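In terms of the UniProt record's numbering, the sequence shown opens at residue 1 and continues consecutively.
The structure appears right after this line, and notes come after that.
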Amino acid sequence: MMLKHFLTCLQFLQCHSLRGSPLKGALHSMWWPPYGDTDSFLKSADIIHCKSKHLLFVQNKKGDTPLHCAAHAGMSRMVCHLISLARNEDTGVNRVKELLEMENKLKETALHQAVRIGNNDIVKLLMEENSELASFPKDGTSPLYLAILLEEEIIVETLYKLSNMKLSYSGPNGQNALHAAVLRGTELTKMLLEWNNDLTTQRDENGRTPLHFAAALVRQSKRGSICWQVLEANPAALYQSDNDGLFPIHVAASVGERGTITMFLNKSPSSAGLHDTKGRTFLHVAAEKKKVGIVSYGCRNQSLSWILNMQDNDGNTALHLAIQAGSLLMFCALVGNRQIHLNLTNKKGQTPLDISRCEIPPGLFDDKNSETKIHFALKVANARSGACGCDNFEEPYSHRLKHNAREESEKARESTQTLCIGVVLIATVTFGAIFALPGGYRADEHTDGGTPTLAGRVAEYT
C-alpha cells in the first residue's frame with residue numbers, strides 16, 4: 001500500500017516536472033475536493049514539501065498560497081497540516097506567522113477565504129495560531145467587514161473573541177464594519193456599537209458616516225431600530241455632512257422617510273435648518289424628489305415654519321421647486337400654509353407665478369394638467385410676477401414653444417401617415433370582399449379550372 005502511494009506521488013511530481021515548471025503548483029493542487037482532506041493527500045503534501053520546501057510559500061497567478069487554496073476549499077485537515085509543515089521548518093524565523101499573514105492580489109489572507117465560505121472551524125483554527133490575523137490587511141477589506149457583509153454572526157463573534165480586540169474594522173472605499181452592519185440588521189449593528197463606538201464618526205471616501213447609510217433605510221425609525229441605535233450612540237453624527245454637503249436628514253428626505261426625519265428632529269430640532277452645498281434644506285430635497293409626504297409633514301408641523309421660505313443658493317424656495325416638479329399635491333400642501341410667501345424671487349428674478357407660467361406645456365390649452373391648475377391657483381391667490389419684467393422669461397418660453405411645436409408637428413405628420421395607411425388597408429379589404437365571387441374558383445387541376453364554383457347554378461331567393 002505504501003509503495004503504491006509512493007508511486008502515485010512520484011507520477012504526480014513527474015507530471016509537474018514535464019510541464020516545464022517542476023513542482024510549481026503541486027501543493028496548490030493538494031486541496032482539490034473531495035480528496036484534498038484525505039490521508040493520501042496529506043501524505044502527498046509531505047512528500048512534495050520534503051522534495052521542495054519553498055513551494056509552501058509559492059503563490060499562483062491570483063497570489064494564493066496553498067494555504068489560501070485549502071482554506072477556500074474548506075479542507076480543515078489540510079489547513080492544519082500545511083501549518084504544521086511551516087512550523088517544522090527550522091529556519092530561525094516564525095514561518096507559521098509568515099505563512100498565515102501572506103496576502104494574495106486582493107490583499108486577502110487565508111482567513112478571508114475561510115470567512116467567505118462560512119467555515120467557523122477553519123476561522124478558529126487560523127485565529128488560534130495567530131490572534132492578530134484579523135488585523136490584516138492594514139487597509140482594505142478586513143475579515144470582520146467581510147463576515148458582517150455575509151451575515152456570518154458566529155464568525156463575527158469568533159473573530160472578536162479570539163483577536164484580543166486586535167482586529168481591523170476597515171472595509172472597501174473607506175468604509176468600516178459599521179457601514180456594513182447597518183445594512184445587515186439590528187443585531188450586528190448592536191454588536192459593533194458595543195465593541196467600538198468610534199465607528200459612528202468615521203466617514204467613507206464619499207464622506208458618509210454610518211448614520212448616512214442608516215438614514216437611507218426604509219422603516220427604521222422605531223426605538224431599537226438600526227437608525228435609532230446609530231443615532232443614540234452618537235447624536236453629533238446628525239451634524240456630519242458628506243462630500244456633497246448632505247446631512248443624514250437630507251438623505252432621509254430623499255427616500256421619503258418621514259419617521260426618520262421626525263426622529264432626527266426630536267433629537268435635535270435645529271437640524272431642520274441644515275443646508276447642503278447647494279444651500280438646500282431637507283424640504284428643498286423633498287420637493288425636488290417629489291416626496292409629497294415629507295413636504296406635507298413640513299407644512300403641517302408648526303415648529304418647522306421657520307424653514308418654509310428658506311432659499312437655496314439659486315434663490316429657490318420649496319414652493320419654487322414644487323412648481324418646477326409639476327406636483328399639484330406638493331403645491332397644495334405648501335400654499336395651504338399661510339406662512340408661505342407667494343412672491344419671493346429667485347436669482348433669476350422669477351417668482352412662483354413666473355415659473356408656473358413657463359411650466360405650462362405649449363400647444364393646446366388643457367385645464368386638466370397640473371401645470372395649468374397651479375398657474376390658475378396662483379393667479380386666483382393674487383400672486384405677482386417678478387420685478388425684472390417678462391422679457392427674461394419670454395425668450396426661454398418662446399424657445400420651448402418652437403421646440404415643442406416642431407415635436408408636435410412631427411408627431412402629427414407621423415400619426416397622419418399611419419392613419420392613411422390604415423384607411424387604405426381597410427378600403428382594400430372592403431372592396432376585395434365586395435367584388436369577390438361567392439364560393440370562390442375551381443382549382444387548376446379541374447376540367448373547368450379557374451371558373452367560378454357556382455357557375456351554371458340557379459340562384460334561389462327567399
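Every residue gets a Cβ at the ideal spot worked out from N, C-alpha and C, and that includes glycine.
Keep in mind it's a predicted model, so treat the numbers as computed, not measured.
- Below 8 Å, enough C-beta pairs join the segment 210-218 and the segment 251-260 to call them touching: three or more.
- In this structure S221 is in contact with T260, their Cβ atoms being roughly 5 Å apart against a cut-off of 8 Å.
- Nearest Cα to I154 within the set A286, N119 and A180: N119.
- Residue environment analysis places V115 among the buried positions, since at least 16 neighbouring C-beta atoms fall within 10 angstroms of its C-beta.
- Rounded to the nearest whole angstrom, the C-alpha separation of V79 and E232 is 43 Å.
- Beta-bridge pairing by DSSP links S170 to N176.
- Non-local beta-carbon contacts of K291 in its own chain, meaning distances under 6 Å to residues more than five positions away in sequence, involve G256 in chain order.
- Residue environment for H341: exposed (fewer than 16 other C-beta atoms within 10 angstroms of its C-beta).
- Secondary structure at G279: coil, using DSSP grouped into helix, strand and coil.
- Annotation for G207: no alpha helix (DSSP H) segment contains it, and DSSP assigns it neither H nor E.
- Within the model, the alpha-carbon separation for H179 versus A147 is close to 13 Å.
- In this structure, Q229 sits away from T201, with a CB-CB distance that is not shorter than 8 Å.
- The criterion of a C-beta distance shorter than 8 Å is not satisfied by L162 and M191.
- Of the candidates G326, G245, T351 and K379, G326 places its Cα closest to the Cα of I360.
- With contacts defined as CB atoms closer than 8 Å, Q339 and L378 fail to qualify as a contacting pair.
- Taking 8 Å as the cut-off, the Cβ atoms of H320 and N346 count as close.
- The three-state secondary structure of K61, taken from DSSP, is coil.
- For T158, the secondary structure class from DSSP, reduced to helix, strand or coil, is helix.
- DSSP, reduced to helix, strand and coil, places H81 within a helical segment of the structure shown.
- Setting aside the 5 residues that flank it on each side, S168 is surrounded in the same chain by S135 and S142, each with a C-beta closer than 6 Å to its C-beta; the list follows chain order.
- The DSSP assignment places 352-359 and 370-380 as complete runs of the alpha helix (DSSP H) inside the segment 334-389, in order along the chain (cut-off: 4 residues).
- For I323, the enclosing alpha helix (DSSP H) starts and ends at A318 to A325.
- A272 is positioned such that its CB atom lies no closer than 8 Å to that of L246.
- DSSP places M127 in the uninterrupted alpha helix (DSSP H) bounded by N120 to E129.
- Given a length threshold of 3 residues, the segment 262-313 has no whole run of the beta strand (DSSP E) inside it.
- DSSP places F41 in the uninterrupted alpha helix (DSSP H) bounded by D39 to K51.
- Excluding five sequence positions before and after H212, the CB atoms of its chain that fall closer than 7 Å to its own CB belong to D242, P248 and V251, given in chain order.
- F282 counts as buried, since at least 16 other C-beta atoms from the protein chains shown sit within 10 angstroms of its C-beta.
- Exclusion of the five residues before and after H81 leaves L42 and A45 as the residues of its chain whose Cβ lies within less than 7 Å of its Cβ.
- In this structure, I83 is the residue among I83, D90 and I117 with its C-alpha nearest to the C-alpha of M102.
- Taken atom to atom, the span from the alpha-carbon of A286 to that of M310 is near 14 Å.
- The Cβ-Cβ distance between T158 and K124 falls below 8 Å.
- The C-alpha of E194 lies about 48 Å from the C-alpha of I47.
- Taking 4 residues as the minimum length, the alpha helix (DSSP H) runs contained wholly in the segment 211-252 are 226-233, in order along the chain.
- Only residues of its own chain outside the window of five on either side were considered, and among them N346 have a CB closer than 7 Å to the CB of N316, listed in chain order.
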